[in-house]
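See below for the structure under consideration.
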Amino acid sequence: METRPFLRSIKACLGDFVWLDFTHASLPEAHRLLGQHVALQVHKIITHRLETLPPTRIAQLFDQVQHCKQALFQKVSDSHVEPLLRVALDEYLECLAAWSRGSGLDNYHHPALAPHQPIGSLELALFLQNDSTGCQTGMLRCDDGTITLWHTEEDIETEPGTGFDQLRIASFNVQEGQRQVVINAFIYPDLLPGPAFGWRSDGCVQAADLLYIKPLAQGTPAILGNIVTWLALRLGAAYDTQALIEAMLPTFDGYALNVATVKGGEVQALKCEFGASYSLQSKLEKKPGSYVYQANIFTDGADPRIQEIEDLVLEERRWFEDRAENTRHLMEARGEAKADPGELRALFKMITSQVGEKWAYANQHVKAYFLCHLTQNEAELWLGVGPAFPDDKPTVIKIIF
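Here numbering that gives the first Met the number 0 is used: position 395 in the sequence shown is 394, and no number is missing along the way.
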């Protein structure tokens, strides 16, 4: 088991959150500014990737880039795709291009790129977006019908500093009809917002967890799962999450997208698992005490469709099943601590647990943690850096909508 001093040293090295306020800018301009902020780390990440991945893997990734770009442009011009989604896709492409300019990818050169020319900044940006994150997430139906989401943001770095130089949370402003909505997201330096945890000022919250997918057949037009997560955060409750996913399939990779929102005066939550051409929606029941949990495996491992696409050997799947079993025991042991509104204290206590050795909630790969209690008209968020400790003082944010 990892010792507390060891975890504390890791936590200390992560530093504090860096809060980036881009709400004064349009969404594309905000992405350009974000690109500027992460530029040095982006160049470090892409260079490390090009110099450590086998040439065959690099070739496979650039093949996916070309087919992803093709699929995106096809969907933007496809009259069968709903107009709202087509507009959001076009906006994504504009933001991706702005981010690539801001991060200086138009001036990036490396010998490993020579066999794959022509490659522009957009292709390099998509090459970077082909990077999935780990994590674990749960959503609980509280006694009063409200919902609390908990999430640990986990990323295994091959070498210290190869992934993160800073822990950033960025805020963006979008116009939706007559109202302004602020979107907030935890940022991976090489990725656009979406594939981590994020929340909107109108009461929509999401968190994503990686699902392992076998490679699609070469030449398959598909998109990257990170694009789906960006679209979901951008559109919020304005577009049904499961319908969004189905419109974007197939995908090269997979995620479980956990979404909590307020619709029709009710607090709702659902988990959408997707990858390749597969998708499954699980709604959080209304019964108090019900919860859904996710840790990097498809829920129904016995489904032949899952066995066909999931890229895990049996032993690896059992590791993640053990995480789910660990959470079940911890949820049963909440006891009197669950009496507080939204059970924030009880769930915070749970994510400080070191039970489960390297796959405990508090482990060395946790970059940040996030809890959100969502009611019909407000949200209370708790955020902290690194693995959670009982003596932490999380940042608390309250939103009224």
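Note that the Cβ used here is the ideal one computed from N, Cα and C, for glycine as well.
The alpha-carbon of V384 is positioned some 23 Å away from that of Q35. For N257, no alpha helix (DSSP H) segment is defined; the enclosing uninterrupted segment is the beta strand (DSSP E) at T250 to K262. An exposed status is given to S8, since fewer than 16 other beta-carbon atoms sit within 10 Å of its beta-carbon. The continuous alpha helix (DSSP H) containing Y91 extends over residues P82 to G101.
Its chain contains Y238, L243 and A246 as the residues whose beta carbon lies nearer than 7 Å to that of L84, once the 5 sequence neighbours on both sides are disregarded; these appear in chain order.
With fewer than 16 other beta carbons inside 10 angstroms of its own, T157 counts as exposed. Beta-bridge analysis with DSSP links V181 to N172. DSSP lists no bridge partner for C134. Comparing alpha carbon positions, the residue from V181, Q63, N106 and D208 closest to Y292 is D208.
Taking every protein chain shown into account, the CB of Q40 has 16 or more other CB atoms within 10 angstroms, so this residue is buried. Per DSSP, the continuous beta strand (DSSP E) segment holding L209 begins and ends at V204 to L210.
Going by DSSP, D62 is part of the alpha helix (DSSP H) stretching over P54 to V75. Looking at the backbone, the Cα of K68 and that of C141 are separated by about 42 Å. The C-alpha of Q165 is placed about 10 Å away from the C-alpha of W18.
Here the stretch 264-275 makes contact with the stretch 199-213; the two share three or more CB pairs at distances below 8 Å.
Relative to E93, the option among N106, H115 and A124 whose CA is nearest is A124. T351 has its alpha-carbon roughly 14 Å from the corresponding atom of A332. D20 is bridged by DSSP to S170. Scanning D339, A268 and V312 for the CA closest to the CA of G300 turns up V312. Burial check for C12: the Cβ neighbour count within 10 Å stays below 16, so the residue is exposed.
Contact annotation: Y290 and T151 have beta-carbon atoms that are not nearer than 8 Å. The criterion of a C-beta distance shorter than 8 Å is not satisfied by F251 and A206. Distance between V80 and E356, taken at the CA atoms: about 46 Å. CA-CA distance, T394 to F5, rounds to 23 Å. Taken through DSSP and simplified to helix, strand or coil, Q241 comes out as helix.
The C-alpha of N106 is placed about 24 Å away from the C-alpha of S25. Following the DSSP letters along the chain, one finds W381 inside the beta strand (DSSP E) bounded by residues E377 to V384. If you draw a straight line from the Cα of S170 to the Cα of F16, it comes to about 13 Å.
In this model, L380 and L232 are separated by some 17 Å (Cα to Cα).
Exclusion of the five residues before and after A195 leaves T132, E152, A184, F185, Y187 and A207 as the residues of its chain whose Cβ lies within less than 7 Å of its Cβ.
Contact annotation: L370 and W149 have beta-carbon atoms nearer than 8 Å. Taking the CA atoms as reference points, T374 sits about 31 Å from H364. In the DSSP secondary-structure assignment, V395 is bridged to W381. N129 and E265 have their C-alpha atoms spaced approximately 35 Å apart.
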